[in-house]
Structures are given as C-alpha cells and as structure tokens.
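Residue numbers (this note's numbering), protein chains in the order written: chain A, 4 to 368; chain B, 16 to 201.
Report on the structure given below.
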Amino acid sequence: MDRSKFFRWIIWIITFFIIIAGVWFYHYILLYIIVSSIFAYLLFPIIKFGDRLQIPRPISILITYAVIIFLIILAINVIVPQIRQQAEEGAKVVKKAQTRLNEQKEGSMDISTALKTIGIEEFADVIKDMNSRFKFIDLDRHLNQMLDKFINLLAEIPQFLLNSISSIINLLAFIIVIPFISFFLLNDERKLMRAFFSVIPNRYFEFSLYLFEKIEESFGRFFRALLLETFIIFILAFIGLMILNIPYALTLSLIVGLTNPIKFFGPFLGVIPIFLVVLLGPTPNIYLLYTAILILIIQQFDSNYLFPSLIGKKIGMHPLWVLLTVISGGYAFGVVGLIFAVPVVFLIKTIIQVSGKSLKEFEII
Amino acid sequence: MSLYKRIFKQKPKTKVDTEKELTDFLSNVYLFKNLSNTDIRNLQNYIHKREYKQDEKIFKKGYPNIVMYIVKEGKLLRYLDYDKAKEEGVEIEAGHFFGVIGLFIDEKRTSTVIATKPSVLLAISKRDIKNFIAEYPKAGAKILYKIGKILSNDIVDANEQIVELEEENINLKEKVEDIKSEEDNG
Chain A
4 MDRSKFFRWI IWIITFFIII AGVWFYHYIL LYIIVSSIFA YLLFPIIKFG DRLQIPRPIS
64 ILITYAVIIF LIILAINVIV PQIRQQAEEG AKVVKKAQTR LNEQKEGSMD ISTALKTIGI
124 EEFADVIKDM NSRFKFIDLD RHLNQMLDKF INLLAEIPQF LLNSISSIIN LLAFIIVIPF
184 ISFFLLNDER KLMRAFFSVI PNRYFEFSLY LFEKIEESFG RFFRALLLET FIIFILAFIG
244 LMILNIPYAL TLSLIVGLTN PIKFFGPFLG VIPIFLVVLL GPTPNIYLLY TAILILIIQQ
304 FDSNYLFPSL IGKKIGMHPL WVLLTVISGG YAFGVVGLIF AVPVVFLIKT IIQVSGKSLK
364 EFEII
Chain B
16 MSLYKRIFKQ KPKTKVDTEK ELTDFLSNVY LFKNLSNTDI RNLQNYIHKR EYKQDEKIFK
76 KGYPNIVMYI VKEGKLLRYL DYDKAKEEGV EIEAGHFFGV IGLFIDEKRT STVIATKPSV
136 LLAISKRDIK NFIAEYPKAG AKILYKIGKI LSNDIVDANE QIVELEEENI NLKEKVEDIK
196 SEEDNG
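This is how it looks when you write it as structure tokens:
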C-alpha cells in the first residue's frame with residue numbers, strides 16, 4: 004500500500020468516527036429535525052405562493068408565522084374555552100358516575116344496578132333480561148370484571164394529567180424551537196437541496212434527483228391529502244352532530260376528525276365518545292343509531308370519494324395489508340403507531356418501488 | 016469526481032465569488048440573455064453545478080429525460096447511436112445547452128453525451144424549470160420563447176437537410192438505375 008492510499012484510509016476512518024460522534028451528539032434533537040421538516044413541508048406551498056408575489060422569503064415566512072400565531076390565539080380565545088367547558092362538564096359526569104359507583108361498590112353490586120346508578124336505565128334492563136335468558140354465560144361476572152377495570156381507568160385520569168405536566172414543559176420547549184428550525188429550512192431550502200446534491204457523484208446525480216422528485220411527488224400528495232381529509236371530516240362531523248343536536252358537538256367532531264387518519268379503527272375510536280355522551284347525557288338512546296348512521300355515511304363518503312379524489316388515485320395498498328399495518332403499528336408504537344404506520348409503510352413502499360424502477364432505467368443495476 | 020475529492024479537495028474559492036461568476040456567465044447565455052439580474056439570481060437557486068472529467072458520460076440514450084444542461088466550460092460530443100462504431104459526434108461547446116426536449120415531452124434520452132474535455136455543466140431538472148416558470152411567469156415566458164426559437168431553427172435546419180438528403184437520394188437512385196441498365200446492356 005503506497006503512502007497516499009494509506010493516508011486516505013486514515014482520513015476515511017477519522018471521518019467515519021466524526022460522523023458517528025456527530026450522530027450520537029445530535030440524536031436527541033432528531034425528533035426536532037423531523038417535526039420541523041414536517042412543519043416546514045406543510046408551510047411550503049404558502050411560502051412558494053409568496054415567492055410568486057415576489058415577497059422575499061424571510062418576510063413571507065414571518066408573515067405566515069404571524070398568521071399562524073393569530074389563528075392559535077383566536078383558537079385559544081374562542082374554541083378552547085368551549086372545549087374546556089365541554090370537557091369539564093364531561094369530567095363532572097364521569098366523576099359523579101365514579102363516586103356513585105365507588106359508593107355502591109362497597110356493598111356487592113351487579114352490573115344492572117351499576118348502570119342504573121349512572122343513568123343508563125334502559126340498557127340496564129336489557130342486560131338484566133339477557134342475563135336471565137342466558138344464564139350459562141355468566142354475563143354478570145364478565146361485566147363486573149369490565150366494570151372494575153373501567154373504574155380503575157377512571158381513577159387514573161387525574162394522575163395521568165399530573166404526570167403530563169413535565170411533558171407539557173418539554174412540549175413548550177419543543178414548540179418554541181420548532182419554528183426556528185423550520186424558518187431556516189424554509190429560507191434556505193434551495194441551498195440545502197443544492198448542497199445535498201452537490202456531494203452525489205455524477206454517475207448517480209440524475210438518478211438521485213429523479214428518485215427524490217418522484218418520492219416527494221407521491222408522498223407529498225399523500226401527506227397533504229391526509230391532512231385535508233382530517234379537516235374536512237371534522238367539519239362534516241361537526242355539521243352532522245349539530246343537526247342531530249348532540250351536546251359537545253365541537254369536541255366530539257374534533258375527536259372524529261383526529262382519529263380518522265387511523266385506517267379501519269379510527270371511525271370506531273371516534274364514535275365511542277359520542278356513544279358515551281348519548282348514553283350518559285339527556286339525549287334519547289335512539290340517537291345511538293342516528294349517530295352511527297351519520298358516522299357510517301361520513302366514513303363511506305370519505306373512503307369512496309373524498310380520499311381517492313384528494314390523492315388523485317388509490318394508494319395501491321391492499322385493504323388487508325393496510326389493516327395488518329395498522330394493527331402492527333399499534334402493537335409496536337401505541338397510538339403514534341396507529342396514526343403513522345400506514346403513511347410510513349406507504350413511504351417505504353414508494354421508495355422501494357420508485358428506486359427499483361429507476362435503478363434499472365439508469366442502468367445502475 | 017470521487018466523493019473523497021468532492022469533500023476534501025475542493026478548491027478554496029469564496030462562495031460569493033462563484034455565485035457572482037455564475038450570474039455573469041448565465042446573463043451571457045443566449046437562452047437567458049434578456050432576463051433581468053434578479054431573474055437570473057432566482058434561476059440560480061435551481062441550478063446544480065456539476066464537474067465532469069474527460070471521457071465521462073453525462074447520460075446515455077434511453078435514460079429518463081429529466082435534467083437539462085448548460086455547458087459552462089469544456090467540450091462535449093453528442094452521439095445519436097453511441098454503440099455504432101465510427102459515428103461522428105456533434106460538438107457541444109460552452110454556452111450551448113442540451114437535453115431540452117424532455118422539458119416538453121416524456122421521451123427518453125435520444126442521444127448519448129460524453130465530455131471530451133474536463134467540463135463544467137449547469138444542470139436544471141425538468142420539475143425545477145416548471146416550478147421556476149410557475150413562480151416567475153414573465154421570466155419563464157422569455158425562456159420558453161427562446162427555447163421555441165431555437166427548436167424552430169432546428170426544425171428549419173432539419174427540413175433543409177431532409178430536402179438535401181432527398182435530392183441526394185434521388186440522384187443515387189438514378190445512378191443505381193443507370194448502372195443497372197448499363198449492366199443489363201453489357
């Protein structure tokens with residue numbers, strides 16, 4: 004081995020360790036970078052519109068930030084008090100049910116009296132009836148177990164909120180840092196792109212540009228469609244619940260909208276709070292049927308018309324595959340997994356598909 | 016140029032210098048001659064500067080057509096059918112551009128381009144040009160008009176060549192028939 008080659012190897016090894024050290028040093032803020040990128044990505048169409056009007060980028064970014072802050076303040080002043088009031092009322096109902104249940108729990112209690120206590124009398128009768136008819140199932144014992152779990156869960160809510168305070172502080176730091184990073188990502192977007200492509204060897208230059216554009220095109224469309232879909236579903240659910248005159252319509256439709264991106268399970272998760280409100284509140288129980296029909300209609304509209312038209316075509320994943328992906332995501336990463344499993348798998352699928360095709364086209368493989 | 020050289024052996028040149036040099040160069044390229052300086056600086060944001068060694072292939076016939084190039088320095092040859100031996104390539108010199116057809120139709124590369132001298136090329140992707148035109152429609156219209164002019168000239172040239180070749184063809188056919196009749200007679 005001649006001297007210069009040896010020297011080159013040494014430099015490569017040092018570089019390698021510097022990169023490893025760099026990754027280790029910065030890995031805590033990896034999440035910051037990812038979230039900032041997503042944030043910047045969402046704002047990008049607006050900034051581009053600003054470019055078209057010949058507004059310098061820093062100014063259009065700052066204007067966009069100002070508008071967002073204004074909207075947030077507006078939301079805090081108008082929407083949040085409503086949600087808080089609704090949530091507080093809801094919490095009161097829950098609390099009342101909980102204390103009453105606890106009181107009764109001292110003595111032995113069967114499920115039907117428990118249900119009567121929290122005001123779902125018709126349902127209690129149904130269960131009593133079923134219980135007497137199907138004695139062999141021992142419905143009472145099963146339901147009692149469920150009841151125990153439910154009470155424990157309710158008791159954990161205040162503790163959960165307390166635990167959240169430290170994470171809320173973390174969240175605040177997060178919220179302050181994200182706009183900073185996003186600002187530079189948006190402002191120097193072209194420079195970053197050029198810097199990235201300038202280190203790619205000539206042989207792979209066109210290929211990588213092609214790959215990047217293709218992936219950005221199909222995934223970007225998917226991602227934006229998902230957000231728009233969430234918003235539209237929220238509005239539709241809100242209108243529907245207002246027409247049905249269900250209390251807490253705003254909060255409930257917000258939950259419906261936010262759970263909607265979870266494929267298959269989302270609508271079911273979103274409808275649970277509505278059912279609880281109908282059951283526990285003054286609304287007649289027949290509204291369970293009405294709200295179920297409402298959510299069903301919205302769901303059908305979404306999956307058959309809205310999402311396909313937003314994304315322009317089908318995402319090309321078999322429904323069974325989507326289902327299994329959602330389940331696996333839930334097992335592996337909890338709620339985050341439920342929401343992000345399908346987009347991430349879709350992204351990886353797109354990368355593999357596009358790169359496989361273009362690797363051949365550019366004769367790299 | 017290898018990744019190693021790209022990272023460790025770049026010439027020390029300040030950024031401002033190279034950017035300004037690029038602006039000067041671009042404003043002298045026929046395609047961008049009537050653009051304002053602001054337009055050119057905006058356009059610069061989309062340009063990737065690539066350096067090629069002698070005999071390095073820029074692209075090959077049949078590759079996806081997604082990038083157009085402007086020659087800043089050096090010399091290149093374009094081959095319509097590279098694999099055919101002894102084909103004479105068409106020279107591409109500094110200030111010229113190539114790979115422009117892909118902007119308008121989804122055609123694969125119709126020729127192979129190879130650097131015959133160490134060359135510096137300015138690359139703009141098809142999508143970025145579309146973005147630029149959408150963002151700066153006036154400047155975009157000027158560029159498109161220039162491209163249309165150049166392509167139209169190419170068509171006129173090609174038509175003239177076709178006429179010449181047809182005449183040649185007729186002459187050759189006549190000669191062949193003459194020879195044939197001579198052979199028949201002889």
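Backbone N, C-alpha and C define an ideal beta-carbon position, used for all residues, glycine too.
Pair within 7 Å by beta-carbon distance, residue i and residue j
| i | j | result |
| --- | --- | --- |
| residue 108 of chain B | residue 132 of chain B | no |
| residue 105 of chain B | residue 124 of chain B | no |
| residue 294 of chain A | residue 275 of chain A | no |
| residue 382 of chain A | residue 229 of chain A | Absent from the model: residue 382 of chain A. The displayed extent of chain A is 4 to 368, so no value can be given. |
| residue 170 of chain A | residue 39 of chain A | no |
| residue 86 of chain B | residue 136 of chain B | yes |
| residue 2 of chain A | residue 232 of chain A | No answer is possible for residue 2 of chain A: the residues shown for chain A start at 4 and end at 368. |
| residue 368 of chain A | residue 362 of chain A | yes |
| residue 153 of chain B | residue 118 of chain B | no |
| residue 67 of chain B | residue 134 of chain B | yes |
| residue 273 of chain A | residue 259 of chain A | yes |
| residue 236 of chain A | residue 151 of chain A | no |
| residue 218 of chain A | residue 353 of chain A | yes |
| residue 78 of chain B | residue 365 of chain A | yes |
| residue 33 of chain B | residue 55 of chain B | no |
| residue 138 of chain B | residue 71 of chain B | no |
| residue 60 of chain B | residue 11 of chain A | no |
| residue 345 of chain A | residue 325 of chain A | yes |
| residue 128 of chain B | residue 73 of chain B | yes |
| residue 150 of chain B | residue 55 of chain A | yes |
| residue 302 of chain A | residue 270 of chain A | yes |
| residue 358 of chain A | residue 214 of chain A | yes |
| residue 200 of chain A | residue 63 of chain B | yes |
N- and C-terminal bounds of the beta strand (DSSP E) containing residue i
| i | result |
| --- | --- |
| residue 242 of chain B | The first residue shown for chain B is 16 and the last is 201, placing residue 242 of chain B beyond what the model contains. |
| residue 88 of chain B | 82 to 88 |
| residue 74 of chain B | 72 to 74 |
| residue 68 of chain A | Careful: residue 68 of chain A lies outside any beta strand (DSSP E), inside the alpha helix (DSSP H) at 60 to 77. |
| residue 369 of chain A | Past the boundaries of the shown model lies residue 369 of chain A; chain A is included only from 4 to 368, so the question cannot be answered. |
| residue 68 of chain B | Taken as a continuous stretch (DSSP letters only), residue 68 of chain B belongs to no beta strand (DSSP E), as it is neither H nor E. |
Other residues of its chain near residue i: CB distance less than 7 Å, five sequence neighbours each side excluded
| i | result |
| --- | --- |
| residue 114 of chain B | 80, 82, 83, 84 |
| residue 64 of chain A | 50, 186, 189, 190 |
| residue 84 of chain A | none |
| residue 350 of chain A | 222 |
Cutoff 7 Å: residue i Cβ touching any chain B Cβ
| i | result |
| --- | --- |
| residue 54 of chain A | yes |
| residue 364 of chain A | yes |
| residue 212 of chain A | yes |
| residue 200 of chain A | yes |
| residue 209 of chain A | yes |
| residue 197 of chain A | yes |
| residue 216 of chain A | yes |
| residue 6 of chain A | no |
| residue 193 of chain A | yes |
C-beta neighbour in chain A for residue i, strict 7 Å
| i | result |
| --- | --- |
| residue 51 of chain B | no |
| residue 80 of chain B | no |
| residue 142 of chain B | yes |
| residue 150 of chain B | yes |
| residue 200 of chain B | no |
| residue 60 of chain B | yes |
| residue 111 of chain B | no |
DSSP bridge partner residues for residue i (one or two, in chain order)
| i | result |
| --- | --- |
| residue 93 of chain B | B:105, B:128 |
| residue 140 of chain B | B:82 |
| residue 64 of chain B | B:137 |
Contacting residues, own chain, Cβ-Cβ under 6 Å from residue i (five flanking each side not counted)
| i | result |
| --- | --- |
| residue 19 of chain A | none |
| residue 348 of chain A | 328 |
| residue 245 of chain A | 252 |
Host alpha helix (DSSP H) of residue i (start-end)
| i | result |
| --- | --- |
| residue 198 of chain B | 152 to 200 |
| residue 54 of chain B | 52 to 59 |
| residue 18 of chain A | 6 to 29 |
| residue 242 of chain A | 205 to 247 |
| residue 360 of chain A | 322 to 364 |
| residue 273 of chain A | 269 to 283 |
| residue 194 of chain A | 192 to 201 |
| residue 293 of chain A | 290 to 304 |
Neighbourhood of residue i by C-beta distance below 8 Å, restricted to the same chain and skipping five residues each side
| i | result |
| --- | --- |
| residue 35 of chain A | 177, 180, 181, 184 |
| residue 280 of chain A | 93, 249, 250, 251, 255, 286 |
| residue 223 of chain A | 44 |
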